[in-house]
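Peer 1:
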């Protein structure tokens, strides 16, 4: 009977630093990854959390199942990418500094999309974009 590969190693393919197993890489408590799901990026696969999971401020989670294959440039846009639609403007005034932050609540009132959940055995091709709450 074959012995399965170690799901806890970072680089499962010797001599191929472009491929990483995400479960051992991801550190954010807002992201859960199943065993053997991998990301492939020739530039720096270890930068997945900072370059590929965007606007992830919580409380929503990103959940990626087991045996998923994520191609180079796959991006997850999380709920923090949304802009408020119930005020005088959709412009994010508080992020620009100054006293605007005292007068505008940026996060309360954002439409909730729920967790972004990717099932098991899913393949996302090169430069795919996944929107929040799917």
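Residue numbers (the working numbering): 561 to 694.
Just so it is clear, CB atoms sit at the ideal spot from N, CA and C, and this is done for glycine as well.
Only counting the same chain, and skipping five residues up and downstream in sequence, which positions put a Cβ closer than 7 Å to that of residue 596?
Peer 2: The residue given as residue 596 occupies position 36 in the chain shown. Hits under 7 Å: 567, 581, 626, 627.
Peer 1: Is the stretch 647–658 in contact with the stretch 595–612, if contact means three or more CB pairs nearer than 8 Å?
Peer 2: No, the stretch 647–658 does not touch the stretch 595–612.
Peer 1: In terms of alpha-carbon separation, which member of 573, 682, 692 lies closest to residue 675?
Peer 2: For the purposes of this step, residue 675 is taken as the residue at position 115 of the chain shown. For the residues 573, 682, 692, the minimum Cα distance to residue 675 belongs to 692.
Peer 1: Please state the DSSP three-state secondary structure of residue 632.
Peer 2: Here residue 632 is taken as the residue at index 72 of the chain shown, counted from 1. The answer is coil: DSSP assigns residue 632 none of H, G, I, E or B.
Peer 1: Going by alpha carbons, who is nearest to residue 589 out of 562, 620, 564?
Peer 2: As a position in the chain shown, residue 589 is number 29, starting the count at 1. Minimum Cα distance to residue 589 is reached at 620.
Peer 1: Does the beta-carbon distance from residue 634 to residue 686 come in below 9 Å?
Peer 2: If you number the chain shown from 1, residue 634 lands on position 74. If you number the chain shown from 1, residue 686 lands on position 126. Yes, the pair counts as a contact, with Cβ atoms nearer than the cut-off.
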